[in-house]
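Scroll down for the structure; my scribbles are underneath it.
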Amino acid sequence: MTDRRAVVSTRGPQPTATYPHANVQGGYVWVTAQAGRDPSNGEMVAGGLEGQLERAISNLEGILGDCGSSLDRVVKTMVMVVGDPREDVVDAVFARRFPNLPARTIFGVAFLAAEPGHEAVEVQLDCVASLD
Amino acid sequence: MKEDETITIDKAPVPRGPYVHARKHGGLVYVTGQIGRDAKTGDFVKGGFEAEFNQAIDNLEEILKAAGSGLDRVVRAQIEFVDEKDLDSMNRIYGERFKEPLPARTSFGVAFLWKGAKVQIDCVASVDD
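Residue numbers (our numbering), protein chains in the order written: chain A, -18 to 113; chain B, 155 to 283.
Encoded structure:
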């Protein structure tokens, strides 16, 4: 059996329930959905969907880095936006942030429960990335 | 190409359509979303969100066991639920049922689930080839 480990990074906002930032197994890193929270204080960043998505991707980047991976090795990502997914905004951020585009699933959700301050959460995204 | 092994068991509610309970590939098993239906009767368990979530995790656990995996080998879990007020219950039960090393987790609110289900959970877990 290949080794499998849960990772809690200092570069993502501290988890608020019983989950780590990531689970590493068999050449892949599975990352818990990240919202636009500042890792230093757990607060949601300003800037609406765009600002939150930028921060959430930075959180993914930090977590992936601590796991030995990176944004350019993201195989697949899932983006959840409260209400209308506003893909034009998401597309612009993705084009800036993902050097090698991953497969992407995006959809609008009824709510995102990422306390504290969860009334302001507009977006979260998770990913699976390779370690190669 | 080697055909993937699929798993469909009696100890979880019978699939409602053209899908299996789980499929294995590359050292992982991918499990279909499970809701709080009793495996024997196919009916929702009584007792609201908490009973449904525990039953859904029971179903997941049976499928994982049949695949040669287990709740302790889940690498990623995804939870969808309908009522935001159930967040604390969801976190508590999840914390009771999943053990270290904990999986990565994604959860979000949805507009509806099959026939009024309150919660659904799926996962990817490691398995010996």
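Heads up, the beta-carbon is just placed ideally off N, CA and C, and yes, glycines get one too. Keep in mind that this is a model prediction, so the values were computed, not measured.
- By a beta-carbon distance limit of 8 Å, B:P257 contacts A:N4. Their separation comes to about 5 Å.
- Going by DSSP, B:M155 is part of no beta strand (DSSP E) at all; its letter is neither H nor E.
- Counting C-beta atoms within 10 angstroms of its own C-beta, B:Q274 has 16 or more neighbours from the protein chains shown and is therefore classed as buried.
- Following the DSSP letters along the chain, one finds A:G32 inside the alpha helix (DSSP H) bounded by residues 29 to 47.
- Around the beta-carbon of A:T(-9), fewer than 16 other beta-carbon atoms lie within 10 Å, marking it exposed.
- The beta carbon of A:V109 lies closer than 6 Å to those of Y9, W11, V56, K57 in the same chain, with the five residues before and after it left out.
- For B:K219 and A:V(-11), the gap between their C-alpha atoms comes out near 27 Å.
- Between B:H179 and B:V185, the alpha-carbon positions lie close to 11 Å from each other.
- Along the segment 245 to 265 of chain B, going in chain order, the ones with a CB nearer than 8 Å to a CB of chain A are N245, Y248, G249, F252, E254, P255, L256, P257, A258, R259, T260, S261, F262, G263, V264, A265.
- B:F262 and B:R170 have their C-alpha atoms spaced approximately 23 Å apart.
- Among the CB atoms of chain A, one or more fall inside 8 Å of the CB of B:L241.
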